[in-house]
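Take the numbering used here: the final residue in the sequence shown is number 186, and no numbers are missing along the way.
Working notes, structure below.
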Amino acid sequence: MDVGIRVAEPGDLGVLTACMGQRPFFTDRLARQARGGGVLLVAALADLVVGDVYLSCEPPGEPELGRHLPGVPSLVHLEVTPDLRRRGIGTRLVQRAEAEAMRRGAGRVLLGVEGANRGARRLYERLGYVEWEHGIVPTCWMVERGGRHVVHRTAVHVLVKDLSLSGR
């Protein structure tokens, strides 16, 4: 399976949303990328987008993250289509995002994972992420449901990776 990982371009919005949905999210992230706020990476198989992750280099919305991990970029929205999970695509997306963070001078990267998402947590731990010592963090984001935008409120476990220990 020849899946390529690349930086998304503005012209990708149509194929991104056709394959992954979530037009408001991708519209926002492409705009942030254009302003230098991060990088949207996509995994593509031929003309289909089969996964994505966003590396955010902007200050976090959660005050706890800004207080304890100022300036540390975060991985947001790692997603692989259900039919292609457990084939290394998520791992490759994370590794490419980590490489981009290092290229930008970051020594660490963080992410949040919901407690019920055990599969994602196993992936992140296998890749060297460890839970921080400051507890669970409340967060929220907008999601599209039935054509409406609603706020999804949750709490996440914050995982951090020291990129200098990754050997890359």
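Heads up, the beta-carbon is just placed ideally off N, CA and C, and yes, glycines get one too.
Report task. Taking only runs that begin and end inside the stretch 82-161, name each unbroken beta strand (DSSP E) of 3 or more residues, in chain order. Result -> Taken in chain order, the complete beta strand (DSSP E) segments of 3 or more residues contained in the stretch 82-161 are 92-98, 126-132.
Query raised in the report: How close, in whole Å, do the beta carbons of HIS152 and HIS86 come, if the pair is a contact with beta carbons under 8 Å?
Result: Within the sequence shown, numbered from 1, the residue matching residue 152 stands at position 134. Within the sequence shown, numbered from 1, the residue matching residue 86 stands at position 68. With a contact defined as Cβ atoms closer than 8 Å, HIS152 and HIS86 qualify at about 5 Å.
Query raised in the report: Do the CB positions of VAL155 and LEU177 come within less than 8 Å of each other?
Result: For the purposes of this step, residue 155 is identified with residue 137 of the sequence shown, where counting begins at 1. For the purposes of this step, residue 177 is identified with residue 159 of the sequence shown, where counting begins at 1. Taking a C-beta distance under 8 Å as the contact criterion, VAL155 and LEU177 do not qualify as a contact pair.
Report task. Let me know the secondary structure DSSP gives ARG41 once reduced to three states. Result -> Translated into the one-based positions of the sequence shown, residue 41 becomes position 23. The answer is helix: DSSP assigns ARG41 an H, G or I state.
Query raised in the report: Using CA coordinates, which residue listed in PRO77, LEU83, GLY106 is at the minimum distance from LEU145?
Result: Residue numbering aside, residue 145 sits at position 127 when the sequence shown is read from its first letter. Minimum Cα distance to LEU145 is reached at GLY106.
Query - Bridge partners - ASP180, DSSP secondary structure assignment - result: Residue numbering aside, residue 180 sits at position 162 when the sequence shown is read from its first letter. ARG126, per the DSSP bridge assignment.
Query raised in the report: What three-state label does DSSP hand ASP20 in the structure shown?
Result: Numbered from 1 along the sequence shown, position 2 holds the residue referred to as residue 20. Reduced to three states, the DSSP call for ASP20 is coil.
Query raised in the report: Within the 8 Å Cβ cut-off, does VAL57 reach chain C?
Result: In the structure shown, chain C cannot be found, because there is only a single protein chain.
Query - 8 Å contact criterion, which LEU128 and SER92 should meet: CB distance rounded - result: Start at 1 with the first residue of the sequence shown, and residue 128 comes out as number 110. Start at 1 with the first residue of the sequence shown, and residue 92 comes out as number 74. Contact check for LEU128 and SER92: beta-carbon distance about 5 Å, within the 8 Å limit, so the pair qualifies.
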